[in-house]
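See below for the structure under consideration.
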Amino acid sequence: MRVLAVDVGASRLRVALFDNTVMIGRVEVDTPRVGDSLSVARAIASIASRFSFDVVGVASIGPLDLERGWVVGTPNNPLRSFALRDPLVELFRKPVVVANDCVAAVWGEFILGGGRGLSEVAYVTISTGVGVGVVVDGRLLVGRRGNSHEAGHVVVDLNGSVRCGCGGLGHWEALGSGANIPKVAYVKALEWGGDSRAWRLARDGILTSEALYTLARGGDVFALKLVDYINRVHAAGLASLVAAYDPQVVFLGGSVFLKNRDLILEGVRRYIRDYSLLEPPELRETTFGEDTVLYGALAIALKTPAELARYAGVPR
Ligand SMILES: [Zn+2]
């Protein structure tokens, strides 16, 4: 079977063609940021016109409305709301399965990756935001409209003063995601003081995630302390996830994690015990690197779970 797998990111749109599980083509472009509710579907169709395939899997930024197959009110792309499922069914005349990117990603690990043979698997992306996907008892958790377990918004700091993109205080995503690092760094620069290069950037509100981890690798004292704090944030978030879902393995991915796994994984493994009731599960790097969401899109099309099949679009 040939599968068209699509990863609709906030900024990048990735489209791959698979012959069963073998990737035989891959194209990446900027996700449209202007236009109308059909712009993203049209961009996918224009890339896919060079491929022939039997089924389409789409893994997208959320929030989603799976009943309609739409992205609804995403904070991370100025288009805000756009249609995916129905226009793609119309254009391709093929079945189209849509899911949230982290929901698809965990299904990819479960069906095709390191989660094969297990029945409880979680996936966490540490990227622009923090996202989670969970399989429990061999079942994919999807939720009412496809937005279950938005665990990036669990509270990890009761006194956290940094406001999350969603509006809440003390959220895992607010304190640990790539996009929020300049804000967190600013708060900690005032709280801790300092005089290093990273501290000055932080005080000016311009310490990006990239600069933070680079300076930490170079031994900057403030950067190291902040990385340590953020590792505690991730450990607390992961411990909450583990308390709720009891996974055997948690796979970690996302651009911020993948670029800085050396600085993140060890610290998180060390601290998770401080926040855990249960013996912490194995924390592993995602099987598919930068392509985790594409493999997730493949997996939901290749072996569609019942929880998503009822929302799939089919040509009439
Ligand atoms: Zn939040």
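In our numbering, the protein residues as written are 2 to 317.
All residues carry an ideal CB built from backbone N, CA and C; glycine is no exception.
Checklist entry - Grouping DSSP H, G and I as helix and E and B as strand, with all else coil, what is residue 54? => result As a first step, residue 54 must be located in the sequence shown, where it is residue number 53. Coil, per DSSP.
Next on the checklist: Suppose you measure from the CA of residue 206 to the CA of residue 76; what does that come to, to the nearest Å?
Outcome noted: Working through the sequence shown from its first residue, we reach residue 206 at position 205. Working through the sequence shown from its first residue, we reach residue 76 at position 75. Approximately 21 Å between the Cα atoms of the pair.
Checklist entry - Any idea if residue 11 is buried or exposed, counting beta-carbon neighbours within 10 angstroms, 16 or more meaning buried? => result Mapped onto the sequence shown, residue 11 falls at position 10. Burial call: buried.
Item to check | Exposure of residue 31, with buried meaning 16 or more beta-carbon neighbours within 10 Å | outcome: If you number the sequence shown from 1, residue 31 lands on position 30. Label assigned to residue 31: exposed.
Item to check | Assumed close pair residue 188, residue 163 - CB separation to whole angstroms, cut-off 8 Å | outcome: Your numbering for residue 188 matches position 187 in the sequence shown. Your numbering for residue 163 matches position 162 in the sequence shown. Right, the Cβ-Cβ distance comes to about 6 Å (below 8 Å), so this counts as a contact.
Item to check | Buried versus exposed, by CB contacts within 10 Å (16 or more), residue 101 | outcome: Indexing the sequence shown from 1 puts residue 101 at position 100. It is buried - the Cβ of residue 101 has at least 16 other Cβ atoms within 10 Å.
Checklist entry - Whose CB is closer than 6 Å to a heavy atom of ligand 1? List the residues in chain order. => result 154, 165, 167, 169, 172, 174, 175
Checklist entry - With burial defined as no fewer than 16 other Cβ atoms inside 10 Å of the residue's Cβ, what is the status of residue 20: buried or exposed? => result Along the sequence shown, read from residue 1 onward, the residue named residue 20 stands at position 19. Exposed is the call here.
Next on the checklist: What would DSSP say about residue 124, mapped onto helix, strand or coil?
Outcome noted: Reading the sequence shown from its first residue, position 123 is the one you call residue 124. Strand.
Next on the checklist: Can you find the residues in the same chain that come closer than 6 Å, C-beta to C-beta, to residue 353, ignoring five residues on each side of it along the sequence?
Outcome noted: Shown here, the chain extends from 2 to 317; a query on residue 353 therefore has no answer.
Item to check | Straight-line gap, residue 247 to residue 146 (C-alpha atoms, nearest Å) | outcome: Residue 247 sits at position 246 when you count from the first residue of the sequence shown. Residue 146 sits at position 145 when you count from the first residue of the sequence shown. Those two C-alpha atoms are separated by around 23 Å.
Item to check | CA nearest to the CA of residue 287, picked from 22, 56, 4, 110 | outcome: Reading the sequence shown from its first residue, position 286 is the one you call residue 287. Nearest C-alpha to residue 287: 110.
Checklist entry - Could you check where the alpha helix (DSSP H) with residue 289 kicks off and where it finishes? => result Locating residue 289 in the sequence shown gives position 288, where the first residue counts as 1. Element bounds for residue 289: n/a, residue is neither H nor E.
Next on the checklist: Let's test the definition: count the other Cβ atoms within 10 Å of the Cβ of residue 48 and tell me whether it reaches 16, buried, or not, exposed.
Outcome noted: By 1-based counting over the sequence shown, the position of residue 48 is 47. Classification of residue 48: buried, given that the 10 Å Cβ count is 16 or more.
Item to check | Three-way DSSP call (helix, strand, coil) for residue 87 in this model | outcome: In the sequence shown, the residue the question calls residue 87 occupies position 86. Here residue 87 sits in helix by DSSP.
Checklist entry - What is the DSSP secondary structure of residue 236, counted as helix, strand or coil? => result Along the sequence shown, read from residue 1 onward, the residue named residue 236 stands at position 235. Residue 236 falls in the helix class under three-state DSSP.
Item to check | Contacts around residue 200, its chain only, beta-carbon distance under 7 Å, and the 5 residues preceding and following it disregarded | outcome: Translated into positions along the sequence shown, residue 200 becomes position 199. Hits under 7 Å: 190, 223.
Checklist entry - With burial defined as no fewer than 16 other Cβ atoms inside 10 Å of the residue's Cβ, what is the status of residue 283: buried or exposed? => result If you number the sequence shown from 1, residue 283 lands on position 282. Exposed, by the Cβ-count rule.
Checklist entry - Of all the options 160, 84, 55, which has the alpha carbon lying nearest to the alpha carbon of residue 69? => result Mapped onto the sequence shown, residue 69 falls at position 68. Closest by alpha carbon: 84.
Item to check | beta strand (DSSP E) segments (min. 3 residues) lying fully within the stretch 119 to 198 | outcome: 122 to 127, 131 to 137
Next on the checklist: Assuming residue 6 is part of the beta strand (DSSP E), what are its boundary residues?
Outcome noted: In the sequence shown, the residue the question calls residue 6 occupies position 5. Residue 6 -> beta strand (DSSP E) spans 3 to 9.
Checklist entry - Exposed or buried, what is residue 292 when buried is set at 16 or more other beta-carbons lying within 10 Å of its beta-carbon? => result Taking the sequence shown and counting its residues from 1, the one referred to as residue 292 is at position 291. By the 10 Å Cβ count, residue 292 comes out buried.
Checklist entry - What's the call for residue 25, buried or exposed, on a 16-neighbour Cβ count within 10 Å? => result Taking the sequence shown and counting its residues from 1, one reaches residue 25 at position 24. Exposed, since its Cβ has fewer than 16 Cβ neighbours within 10 Å.
Next on the checklist: For the structure I just gave you, are there three or more beta carbon pairs, one from the stretch 259 to 276 and one from the stretch 300 to 310, closer than 8 Å?
Outcome noted: no
Checklist entry - With burial defined as no fewer than 16 other Cβ atoms inside 10 Å of the residue's Cβ, what is the status of residue 221: buried or exposed? => result One-based indexing of the sequence shown puts residue 221 at position 220. By the neighbour-count rule (16 or more Cβ atoms within 10 Å), residue 221 is buried.
Item to check | Contact belief for residue 65 with residue 40 at Cβ below 8 Å, rounded distance in angstroms | outcome: Residue numbering aside, residue 65 sits at position 64 when the sequence shown is read from its first letter. Residue numbering aside, residue 40 sits at position 39 when the sequence shown is read from its first letter. Their Cβ separation, rounded to whole angstroms, is 17 Å, which puts residue 65 and residue 40 out of contact at 8 Å.
Next on the checklist: Considering only their Cβ atoms, is the gap separating residue 123 from residue 330 smaller than 8 Å?
Outcome noted: The shown model of the chain, from 2 to 317, leaves out residue 330, and the question about it has no answer.
Item to check | For residue 127, the nearest candidate out of 139, 94, 154, 245 (CA to CA) | outcome: As a position in the sequence shown, residue 127 is number 126, starting the count at 1. Taking only the C-alpha atoms, the option nearest residue 127 is 154.
Next on the checklist: Between 185, 132, 90, which has its C-alpha nearest residue 242's C-alpha?
Outcome noted: Taking the first residue of the sequence shown as 1, we reach residue 242 at position 241. Checking every option, the nearest Cα to that of residue 242 belongs to 132.
Next on the checklist: Going residue by residue through the stretch 217 to 287, where are the continuous beta strand (DSSP E) segments of at least 3 residues, counting only ones entirely within it?
Outcome noted: 250 to 254, 283 to 286
Checklist entry - DSSP state of residue 14, grouped into three classes? => result Working through the sequence shown from its first residue, we reach residue 14 at position 13. Strand.
Checklist entry - Which word fits residue 58, buried or exposed, when buried means at least 16 other C-beta atoms lie within 10 angstroms of its C-beta? => result Taking the first residue of the sequence shown as position 1, residue 58 is located at position 57. Buried is the call here.
Next on the checklist: Considering Cα atoms alone, identify which of 289, 97, 78, 82 is closest to residue 3.
Outcome noted: Indexing the sequence shown from 1 puts residue 3 at position 2. The shortest C-alpha separation from residue 3 is found at 97.
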